[in-house]
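Trainee: Before anything else, here's the structure in question.
Protein chains: 4
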Amino acid sequence: VPAPGSPVRIGVLPHGTYNAITDVAGVRVGHKTLIRGASVRTGATVILPHGGNLFQEKVPAAVYVGNGFGKLAGITQIKELGNIESPVILTNTLNVAAGINAGISYTLAQKENQQVQSVNIVVGETNDGYLNDIRGRHVTEEDILDAIRAARSGAVEQGNTGAGTGTVCFGFKGGIGSASRVLPKTLGGYTVGVLVQTNFGGVLEIAGVPVGKELGRYFLSDQLNNPADGSCMIVLATDAPLLAPSLERLAKRAFMGLAKTGGIASNGSGDYVIAFSTHPSVRIPHRSGDTLHTTATLFNDDLSPLFLAAIEATEEAIINALFAAKTMTGRNGNKIEALPKEAVISILKKYNRYQP
Amino acid sequence: VPAPGSPVRIGVLPHGTYNAITDVAGVRVGHKTLIRGASVRTGATVILPHGGNLFQEKVPAAVYVGNGFGKLAGITQIKELGNIESPVILTNTLNVAAGINAGISYTLAQKENQQVQSVNIVVGETNDGYLNDIRGRHVTEEDILDAIRAARSGAVEQGNTGAGTGTVCFGFKGGIGSASRVLPKTLGGYTVGVLVQTNFGGVLEIAGVPVGKELGRYFLSDQLNNPADGSCMIVLATDAPLLAPSLERLAKRAFMGLAKTGGIASNGSGDYVIAFSTHPSVRIPHRSGDTLHTTATLFNDDLSPLFLAAIEATEEAIINALFAAKTMTGRNGNKIEALPKEAVISILKKYNRYQP
Amino acid sequence: VPAPGSPVRIGVLPHGTYNAITDVAGVRVGHKTLIRGASVRTGATVILPHGGNLFQEKVPAAVYVGNGFGKLAGITQIKELGNIESPVILTNTLNVAAGINAGISYTLAQKENQQVQSVNIVVGETNDGYLNDIRGRHVTEEDILDAIRAARSGAVEQGNTGAGTGTVCFGFKGGIGSASRVLPKTLGGYTVGVLVQTNFGGVLEIAGVPVGKELGRYFLSDQLNNPADGSCMIVLATDAPLLAPSLERLAKRAFMGLAKTGGIASNGSGDYVIAFSTHPSVRIPHRSGDTLHTTATLFNDDLSPLFLAAIEATEEAIINALFAAKTMTGRNGNKIEALPKEAVISILKKYNRYQP
Amino acid sequence: VPAPGSPVRIGVLPHGTYNAITDVAGVRVGHKTLIRGASVRTGATVILPHGGNLFQEKVPAAVYVGNGFGKLAGITQIKELGNIESPVILTNTLNVAAGINAGISYTLAQKENQQVQSVNIVVGETNDGYLNDIRGRHVTEEDILDAIRAARSGAVEQGNTGAGTGTVCFGFKGGIGSASRVLPKTLGGYTVGVLVQTNFGGVLEIAGVPVGKELGRYFLSDQLNNPADGSCMIVLATDAPLLAPSLERLAKRAFMGLAKTGGIASNGSGDYVIAFSTHPSVRIPHRSGDTLHTTATLFNDDLSPLFLAAIEATEEAIINALFAAKTMTGRNGNKIEALPKEAVISILKKYNRYQP
C-alpha cells in the first residue's frame, strides 16, 4: 500500500490511515510556522503523546542518540526514569530555551499542576541558519504555545512547516515528514508512527534508488560545496505496550531507517530518536494510590516486527518530507530548491521503482 | 593541610592556595544572588574554564550522570565531541532556559563569533523550590550575564550565594562549596578543583563521622519528614592534560566523593559531574589551520592519583558548602537552619575528628 | 543491629538473619577453594539467583560498570535484554573461560534445556596473581561445576574462600564478603543482599574511621609500594519486584558503598556490580504461553530506601571480607597479612566507633 | 570501481587493492575451517591489527553495540581504556571460551610477555547452530591458535570459511565477507577496511534493490518460517590516526551499513562493531618511558568522509559474504542454499543495477 501521492513504495508493511505519526491513536501534532520578511524562515512543531495531562499521566519513553552534535533538552531524565511528562517540542538550534519556557508554562498552567515545581521539558532542534536568521532567535515562547494549542490528530502537514520551515536535506529543501506502519493482526496489529524534522546530508537514496548520485548532488561529490552536516530529529510513537528499554530498542531501529535514505550522521549532526508508547496500561501516574505499578508489556521475543516497522516508517517519513517540501528563499537571498520531482520520477523509472 | 576555617581534615592530599576550583589556573567563578522580598531566594553561578574565547578555544570535557533526574542542558554534544565551548552555568530547575539564552547571547556577542550559528550551552540546576518561589522563574538572562561578568579567580564565595542561594542539603542549609587537591610534584603536581551546588540528602557524614545520625536528622529517620530528594551539581576542573575519556573517569570519581558525605543519589536527584581540563595544549580550536590535532596527555596508568584527588576535593567541597551556608527563611515562611556548628564540633570531638 | 562478630556498625538499616546475600530468599552461594602446593591460591564462587532452572526462568538483572578494566563475560546481553539466565560465576582473571564453559555445561545438561543452543553466561573476576600462579590457569570447568553443586542458602563462608582465596584488599588480605539490609515493613520490608570479591585499593576507612591512614598503609602513602590497582566484583540481590532499569540504579548505589570504604576505583580496577531481583512475579520465562508479560513493580518514587540499603550492604560486605580474611602466603613466597584486628580495634576505639 | 566479481557497485567511494580489511596496511586475517562428518560446520576467524606484539603495542579501539544479544568478550575494558591488546577472534556462540583461552595462550607465550598476568581477549561470535552441532563445542583452543598462525595480509578468503563456515544470512548461506574504501588524497587518503561474520536476517536489499522481496524471502513474508534472528559481527580497521572516541563514531556508522542491506537487528541479534586504528603514531605502549602520550589525530570536523567510508565498506562486505558463500548441508541434514546468483542477477537487471 503506497502513501497517497508518493511516487515510491518503501518496505513491506502497510501504513495506517494517514501514513503519519497520528495513526497512533491519541497522538496530536501542532505547527507554528514563521515566515516573515526576507530572513525569518523558522518555526516549531510539537507532538503531544496523548490528550490528557502529560505531567500527571507520563508515558514510557526512551531516547537514542544517533549523533550527539545537538542541543536536545530533557534527555537525562528520560533515560533515568524512562518517561516523558511534557509535549515533545521541535524548533531551531538557538530557540531551545523558548521551547523549554513554553513547556514549563504549559505544564504549570494546568490546574492539576498547581503545586508542580519541576518538570522535564523535551526540546529537539535542527539548525535552519542557512535560510533563517537563526541568530535573531525569532521563535518565542508564545509561538510554541501556539503550536501546542494547534495540535490535532488526523493528517499531518508536512514540508516547509513548523520546525521544518527552513531546513535543508541532502542539499534540497527539507522539512517535516511523517509516516506510519501497521503490523498484521496476528502480530498484535500495533501501529508505529514517525515524525521527522529533516536537515541533514549524505548520499540520497529513495527506496534504494541512487537519486543523489544520479542528480550529481551528494556528499563528497564536490569537496568544497557539499557538507553533509545538519541534523535529523525523529519522534516515534507506538500503541504497542512497551516500557523504556524496549522503546530504546525501537528508537535505535528508527536510526537504521535514516541510514537507508543515505544519511551518514555526519560529524555536525544532531540525530536523535525520541520514542514513546501511548498504550494506556503502561502510563506512569505522577502520584499513584497503588503500591505497585502493574503493566502488561510485550516480551523481547516479540519485538522484531516492531523493529521493522520503525525502520520503514522512519525511512518513508524522511522521503515524505523531501517530496512535501517546496523551494524556499531566505536569509541573504539564499535559495534551496525543492527535490526536482520530475527528474526524480525519471530516475525512479530508470531504476524501475516508480510506483505512484 | 586543613582548609582554612574548616573543623575537619578530609583525605590525605593537600589542597591548593584557595582550596577552591580557582586553584586550577585560569578558572574563574562568578555569582549572581537574588534575595528579594519574602520568597525570591535563588541565583546563578558560572564557571569559566579559561579567560579567552571559549567558543574559539574549546576545552576537553566530559559529563558523568550520577542520577539523571535533572534538566542539564548540553550533555549530548559534550559526550559526542568531548568538549565544552561555553561557560558552565548553574541555576535553579525552572530557569535553565535563562541560562541557555544567556550563554548564547554571551557567545554570539564576542567579536570573533560573528558568524556563529550554533553553540552548545551547558546549564545545570538544582531545585530551590522549598525556600524560593521557583515557579516565578526569577532568574533572568541578564542575571546570568551579570554572573559571567562577575567571574574572577581567587577565593570563591560559598554558602548562600549564586546558584546555592536557596538550596538545602541533608536537611540543613546547603549552597555553593568548593575545594581542591594538589598532587605531589613527583606525580606531576597537577591540581584538581571542584565546585558544588549542594541540594541533596541522605545520611550525613563529615570526614566519616556519623553527624546525621548523631543529630537525628537523616533519610528514613522519620519516614514522613525526611525525603532525600534533591540534587547535586558538581563541576570539576584540572590542569592535568587530559582528553574526554580520562575526564569522564575523573567525573565518575567525583561522584564517589559525594557518596562519602552520605549522599544516596535518591530517586529525585539530578546528580551530574561536569569535568574539564584547562591545560593549554589540549584545547580544541573551533577552526584549525592544522591537519592534525597534536596533544600530549597522561597515560591511563597515571590517572589513579587524580582519581583520589577528585574524590577528596568533591567530598570536601560538599562539606565546605554546609559549613559556609547560613540559616535562611524564604517562600511561605519556610526556614532551613544552617548546620549547627557547635553541635557538629561536639560530635567531631566525640569521634576524635575535630581538627580545626 | 550489628553483624555478629563485627567490631563496627555500618549505616542505619538493620541486616537480615545471616547478614548475607542469602538473606534474599532463594539465593544460594557455592565456593570451590583451590589451595595447592606453594603457589595455587585461587578458586571460584557462584551465586544462584533461585533454585529452579535459571535458563527457563530468567531473572531481571542489570550491570553497572564502576571501572571497566576487567574481563566480565555476559554484560551486553544483560544490558540488551535486562535479564540473567545462568549462575553468576566469580573466579580469577585468566580463568573466565573455565567459568563460561562450566556455565554452558551446567545449562545444556538440564533436561528442559536439551534444545538450547545459546546461553549467556555471567562470569566476573579479579586478579589474584600476587599470591596465586594465575598464569597456570588452575581453575577448571569441573571446579566451577563443583562450586555450583555446593551452592546453598544460609550463612555464607567469607574471607579466603572460593573466588576470594587469593585476593588482596587495601594492602591486606581480602576475599569474599557479604552483608544484607532489610527495609522497614512500612517501606515494603524488602531485603537487599550483597556479596563481594574484594581485590582493590585506596585509602581504607572502616565505618568512616581512617584506618588506612592510621596504619600508614594507603594509596600514595609510599609512592613506590602502594598501587591501588585491583578490582571488586559486587553481586547484589533483592526480593523487591524490580525490572532492569531499577536494578541498574541499585547497582550504581552499590558502587557508592565501595566508595565509602575508601576504594578509589583505580585505573587498573575491574569494578562491576551485577544486580538482580528474585521476586517470582518479575521472572521472565524463556518461552511463554502468554502474549504479554504482566509485572507489578515498584515505582521510581519508592526506590530511594532500596538505594540506601544497597549502599550500606555493599560497604559492610567489603568490611566483612577484610575481617574474615586471614594471612596467606603464596606464589614466590609472597605473603599478605590479614587486617591487624587488634590494631584496628584500637583505632576504632580511638575514634569512638568500636561497637562489637 | 567495482569489486572484482561482484555484480553490483555500492556507494560512491573507491575500494582498495583487495577490497578487504587487509587493504589497511599491517592488518592480517586468518581462518580455521571445521567441516567434519555430517554435523560439524564451524570454525574461527582472527584479525590481527598489526604484525608486532599486540599486548606491548596496543591499538586504539572502540566497540559499538548494535544489538546486544550476543556473548562478545572483552568489551568493557575496550570501553574503559580505549584500546585492544589481543587478536580479535570470531567463532561460534558456544566456543567463546576457546577463543579466550587461545588469546591468553597466544599472549602469555610471547617472550616479552613473560610477566603478564592480565590480558583482555576480544572474542565475538554468531550462532551457527542450524548447520553446526553447536552444542558439541567443536572449536578448540588449538583451532584458534591455528587461525592466528594462518593470519596473513593480502586477499581475504570469504564465504563458508572460518567463523563463517556455518552461518546463515537473510535465509541464504552467509559467511565471512570483506570490503574496503579509500578516501581521496585531498581528504587524507585514508583506508577503511571491514570484515563481517554474517548470520542475520531482515529484508535483503542489494545496492538498494529489493532482492529479498523479489525472491519472496524476507522477514514476515511467512510468519512461521522467517525469523530474522541471528547476528552480525563487524570488524573495522582504519589507518587514519584516531583515538577511541572517534573510532566509536566510525563503529556506529558501520552499523548504518548493515541497515542498508535490509538487516533489522532483530531481538535475537548480537550485532557488534569493533573498530581500531592501525596508525603507528596512536599506538599505546604497555609501559612507556615517556611521561606523556603524544598523538596527532584527526579533528572531529574531518571525520565525515570516514563515516561514509565505514558505511559503504560494511554494506559491501555483507553483500560480498552472500555472493561468496556456497550452499551447505549440515546438522540434521539441514540445508541452506547459497544466494541464487542467476536469479539475483536477473533482479539486478530488472532494476537496472547490474554492474559486473
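Chains as they are written, first to last, in our numbering: chain A, 202 to 557; chain U, 202 to 557; chain X, 202 to 557; chain S, 202 to 557.
The beta carbon of each residue, even a glycine, is placed where N, CA and C say it ideally should be.
So Phe256/U and Gln311/U are supposed to be a Cβ contact under 8 Å. How far apart are they, rounded?
Mentor: That pair is a contact at about 7 Å.
Trainee: Buried or exposed for Arg353/S, please, with buried defined as at least 16 other CB atoms from any protein chain shown within 10 angstroms of its CB.
Mentor: So Arg353/S counts as exposed.
Trainee: Using 8 Å for Cβ pairs, my map puts Gly325/U next to Ile475/U. What's the rounded Cβ distance?
Mentor: With 8 Å as the limit, Gly325/U and Ile475/U qualify as a contact, their Cβ atoms being about 7 Å apart.
Trainee: CB Ala441/U to CB Leu509/U, shorter than 8 Å?
Mentor: It is not a contact, given that the beta carbons lie outside the stated cut-off.
Trainee: Please say whether Thr439/S and Thr146/S have beta carbons closer to each other than 8 Å?
Mentor: Lying outside 202 to 557, the shown extent of chain S, residue 146/S is not represented and no answer is given.
Trainee: Which word fits Thr218/A, buried or exposed, when buried means at least 16 other C-beta atoms lie within 10 angstroms of its C-beta?
Mentor: So Thr218/A counts as exposed.
Trainee: Name, going along the chain, the residues of the segment 225 to 259 of chain X whose beta-carbon falls closer than 8 Å to a beta-carbon of chain S.
Mentor: Listed in sequence order: no entries.
Trainee: Taking the alpha-carbon positions, what's the Asp503/U to Ser489/S distance?
Mentor: Rounded to the nearest angstrom, the two C-alpha atoms are 11 Å apart.
Trainee: Using a Cβ cut-off of 9 Å, pull out every chain A residue sitting near Ala489/X, in sequence order please.
Mentor: Checking the sequence shown, residue 489/X turns out to be Ser, not Ala. Result: Phe500, Asp502.
Trainee: What is the DSSP secondary structure of Val357/U, reduced to helix, strand or coil?
Mentor: Correct three-state label for Val357/U: coil.
Trainee: Taking the CB atoms as reference points, tell me whether Asn284/A and Ile485/A lie closer together than 8 Å.
Mentor: Yes. Within cutoff.
Trainee: Give me the chain U residues within the contact set of His494/S, using Cβ-Cβ distance strictly less than 8 Å, ordered along the chain.
Mentor: Chain U residues near His494/S: Ala497, Thr498, Leu499, Phe500.
Trainee: Closest to Phe524/S by CA distance: which of Thr366/S, Ile301/S, Gln359/S, Pro411/S is it?
Mentor: Comparing Cα positions, the closest option is Gln359/S.
Trainee: What does the alpha-carbon distance come out to for the pair Glu543/U and Asn220/U?
Mentor: Approximately 23 Å, taken between the alpha carbons.
Trainee: Assign Arg336/U to one of three DSSP states: helix, strand, or coil.
Mentor: Arg336/U falls in the helix class under three-state DSSP.
Trainee: Can you give me, in chain order, the residues of the segment 272 to 293 of chain X that have a beta carbon less than 7 Å from any beta carbon in chain A?
Mentor: Listed in sequence order: Leu282, Gly283.
Trainee: Measure from the alpha carbon of Leu451/A to the alpha carbon of each residue in Thr462/A, Ile435/A, Ile465/A, Ala466/A, then state which is nearest.
Mentor: Out of Thr462/A, Ile435/A, Ile465/A, Ala466/A, Ile435/A has the C-alpha closest to the C-alpha of Leu451/A.
Trainee: What residue range does the beta strand (DSSP E) around Glu326/S cover?
Mentor: From DSSP, the beta strand (DSSP E) with Glu326/S extends over 323 to 327.
Trainee: Of the residues that make up the segment 460 to 484 of chain A, which ones have a beta carbon closer than 7 Å to any beta carbon in chain S?
Mentor: Hits within the stretch, in order: Ala460, Lys461, Ile465, Ala466, Ser467, Asn468.
Trainee: Which value, in whole angstroms, describes the spacing of the CA atoms of Gly337/S and Ala299/S?
Mentor: Cα to Cα, Gly337/S sits roughly 13 Å from Ala299/S.
Trainee: Mark Asn468/A as exposed unless 16 or more other C-beta atoms lie within 10 angstroms of its C-beta, in which case mark it buried.
Mentor: Under this definition Asn468/A is a buried residue.
Trainee: Given Phe270/U, which residues of its chain have a CB within under 7 Å of its CB, disregarding the five upstream and five downstream residues?
Mentor: The answer, listed in chain order, is Asn468, Gly469, Ser470, Gly471.
Trainee: Just the chain U side, please: which residues come within less than 7 Å of Glu342/X by C-beta, in chain order?
Mentor: Those do not exist, as Glu342/X stays about 33 Å from chain U at its closest Cβ, beyond 7 Å.
Trainee: With distances taken Cα to Cα, identify the nearest neighbour of Val317/A among Leu416/U, Leu437/U, Asp334/U.
Mentor: Looking at the Cα atoms, Asp334/U is the closest of the given residues.
Trainee: Would you verify that the beta carbon of Leu346/S is, or is not, closer than 8 Å to some beta carbon of chain X?
Mentor: Closer than 8 Å: no.
Trainee: Answer with buried or exposed for Lys272/A, where buried requires no fewer than 16 other C-beta atoms within 10 angstroms of its C-beta.
Mentor: Buried, by the Cβ-count rule.
Trainee: Do Gly463/U and Val404/U come within 8 Å of each other at the CB atom, strictly closer than that value?
Mentor: Cβ distance < 8 Å, so Val404/U and Gly463/U count as in contact.
Trainee: Is Gly365/X closer than 8 Å to Thr399/X when the C-beta atoms are compared?
Mentor: Yes, they are a contact pair.
Trainee: When you compare only the Cα positions, how much space is there between Ser482/X and Leu444/X?
Mentor: Distance between the alpha carbons of Ser482/X and Leu444/X: 10 Å.
Trainee: Tell me the start and end of each unbroken beta strand (DSSP E) in the segment 212 to 283 of chain U that is at least 3 residues and wholly inside, in chain order.
Mentor: You should have 229 to 237, 241 to 249, 258 to 269.
Trainee: What does the alpha-carbon distance come out to for the pair Asp344/A and Tyr307/A?
Mentor: Cα to Cα, the separation comes out at about 12 Å.
Trainee: Tell me, please, whether the CB atom of Ala298/X is closer than 8 Å to any CB atom in chain S?
Mentor: Chain S contact via Cβ: present.
Trainee: Quick check on Ile537/A - is its C-beta less than 8 Å from some C-beta in chain U?
Mentor: No, no contact with chain U.
Trainee: For Pro446/S, name the three-state secondary structure that DSSP assigns.
Mentor: Note: Pro446/S maps to helix in three-state DSSP.
Trainee: Contact defined as beta carbons within less than 8 Å: I believe Arg237/A pairs with Met529/A. What is the distance between those atoms, to the nearest angstrom?
Mentor: With a Cβ gap of about 13 Å, Arg237/A and Met529/A do not count as contacting.
Trainee: Throw me the rounded Cβ distance for the Pro159/X and Pro446/A pair, which I believe falls under 8 Å.
Mentor: Nothing can be reported for residue 159/X, as the shown portion of chain X is limited to 202 through 557.
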